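Using the numbering used here, you'd call the opening residue of the sequence shown number 9 and step up by one each time.
Glycine residues also receive a C-beta, built at the ideal position from the N, C-alpha and C atoms.
This one's a predicted model, so the numbers in the text were calculated from it and none came from an experiment.
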Amino acid sequence: MPDQEQRPKPREAVRKMAPYHPPTGNRATNLRLDFNENTVGCSPQVINRLVQRLTRESLTVYPDYTRVRHTLSEFFQVPTERMLLTNGTDEAIQVLINTYVEGGAQGADEVLVPRPSYAMYRFYAEVAGATVTEVDYAPPVCAFPLEALLAKITPATKAILISNPNNPTGTGVGLPAIETILKAAPNAAVLIDEAYYEFCGVTALGLIDQYPNLFVSRTFSKVYGMAALRMGCLFSQEANVAFLRKAQSPYSVNTLAAIAAEAAVEDPEYITDYVTEALAARTLLAGGLTKLGIEYVPSSANFLLGYFGNRAVEVRDALRDKAILVRDRSYEIPGGVRITVGTQAQARQVLAELEKIW
Ligand SMILES: Cc1ncc(COP(=O)(O)O)c(C=O)c1O
Numbered sequence: 009m010p011d012q013e014q015r016p017k018p019r020e021a022v023r024k025m026a027p028y029h030p031p032t033g034n035r036a037t038n039l040r041l042d043f044n045e046n047t048v049g050c051s052p053q054v055i056n057r058l059v060q061r062l063t064r065e066s067l068t069v070y071p072d073y074t075r076v077r078h079t080l081s082e083f084f085q086v087p088t089e090r091m092l093l094t095n096g097t098d099e100a101i102q103v104l105i106n107t108y109v110e111g112g113a114q115g116a117d118e119v120l121v122p123r124p125s126y127a128m129y130r131f132y133a134e135v136a137g138a139t140v141t142e143v144d145y146a147p148p149v150c151a152f153p154l155e156a157l158l159a160k161i162t163p164a165t166k167a168i169l170i171s172n173p174n175n176p177t178g179t180g181v182g183l184p185a186i187e188t189i190l191k192a193a194p195n196a197a198v199l200i201d202e203a204y205y206e207f208c209g210v211t212a213l214g215l216i217d218q219y220p221n222l223f224v225s226r227t228f229s230k231v232y233g234m235a236a237l238r239m240g241c242l243f244s245q246e247a248n249v250a251f252l253r254k255a256q257s258p259y260s261v262n263t264l265a266a267i268a269a270e271a272a273v274e275d276p277e278y279i280t281d282y283v284t285e286a287l288a289a290r291t292l293l294a295g296g297l298t299k300l301g302i303e304y305v306p307s308s309a310n311f312l313l314g315y316f317g318n319r320a321v322e323v324r325d326a327l328r329d330k331a332i333l334v335r336d337r338s339y340e341i342p343g344g345v346r347i348t349v350g351t352q353a354q355a356r357q358v359l360a361e362l363e364k365i366w
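Next up, the structure:
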């Protein structure tokens, strides 16, 4: 019988990490306002295309990205050499860190991230054994902490990871501030994660020509309603993308995701209609919160961060009892609960319950 106490020792970076368990279980039958997904589903054309192209043969062969690369390159107006298809934004973050950030206890590279922000920035930086440096968004306004971030850039800063607009605050940062950061950190890979781009219309894609340290990501997990498929894109100058490709496994995007992405961008009206509805729902939710005396952070994305004081967890639980899921973020922003917006009917539904609870 082998000694059960003797086992391979994980790397120190992994031993030190706190486990990350987003509450992804048993969500299906609820009104899901907790993950900023599309709350009505992807374009029906995506499903049609998947059904058409799904054959026994199509599953036997390794993915061929020729078609999807071409379609997405036209859609984003970016040459294929400047674009990497990724298994969601998560893989984009991972590949970027694997390419540019050196780990190790002493002399580890620094990864600079605003806080609170998307949890996977810290996650992949920690797995790599990097030193994570954080700069805080200050409530209640949660404006982008530009000066504080600039002050924390050092020669050891090898990556700066910014969500624009930011999750969970919903606040955005303008292109002039992004350019200031790019100029201040020429040796760092600066990622502008545009997961919620479609709701705000601000993009750094047009700056790629000018800045060799700029990386921009997009995802099909949010407005496109395809989070289950795991599909994203990472953009940068050609020389950078060549290195990113070296650090990426060759078939990380599966065939169904590739087919779905092609169909999704061929139905742009579906996306503009959804965005129009979600923005109307956001206005409605914001007005309803104000009527209830609940403050919130003005948002450029498809969610609102409301301030529920010391009742944040209670409100989250009470809504869950009514089959409405929202995300408690009070552990990082006092009183913060993040509510996704989708349709106006859904916003009315959550407001009706909040009226009873509050
Ligand atoms: C800022 C940000 N980036 C990316 C994602 C999604 O990543 P993925 O494309 O891997 O689904 C999220 C989802 O919550 C997010 O908030």
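Taken in chain order, the complete alpha helix (DSSP H) segments of 4 or more residues contained in the region 108–182 are 127–135 and 154–159. DSSP places Ser66 in the uninterrupted alpha helix (DSSP H) bounded by Arg64 to Thr68.
Considering only Asp325, Asp201, Gln354 and Val54, the residue with the shortest C-alpha distance to Gly233 is Val54. Here Ser225 has Thr94, Thr97, Ala100, Ile101, Leu199, Ile200, Asp201, Glu202, Ala203, Gly240, Cys241, Leu242 and Phe243 as same chain residues with Cβ atoms under 8 Å from its own Cβ, once five neighbours each way along the sequence are excluded. As the crow flies, the alpha-carbon of Leu359 is around 36 Å from that of Tyr132. Of the other Cβ atoms in all chains shown, fewer than 16 fall within 10 Å of the Cβ of Asp325; this residue is therefore exposed. The continuous stretches of alpha helix (DSSP H) do not include Ile341, and DSSP gives it neither H nor E. Within 10 angstroms of the beta-carbon of Arg90 lie 16 or more other beta-carbons, which makes it buried. When DSSP reads this structure, Ala294 sits in no beta bridge, so it has no partner. In the DSSP annotation of this structure, the continuous segment of the beta strand (DSSP E) that includes Val305 starts and ends at Glu303 to Val305.
Counting along the chain, the unbroken beta strand (DSSP E) around Asp201 starts and ends at Ala197 to Asp201. Just so you know, the alpha carbons of Gln85 and Ala159 end up roughly 35 Å apart.
Contact between Tyr129 and Leu169 holds: their C-beta atoms lie close to 4 Å from each other, under 8 Å. Residue environment analysis places Asn172 among the buried positions, since at least 16 neighbouring C-beta atoms fall within 10 angstroms of its C-beta. Residue nearest to Pro148 within the set Ser257, Thr179 and Val119 is Thr179 (criterion: CA-CA distance). Sorted by chain position, residues whose beta-carbon lies closer than 5 Å to a non-hydrogen atom of ligand 1 are Gly96, Thr97, Asp98, Tyr126, Ser171, Asn175, Asp201, Ala203, Thr227, Ser229 and Gly240. Taking every protein chain shown into account, the CB of Lys230 has 16 or more other CB atoms within 10 angstroms, so this residue is buried.
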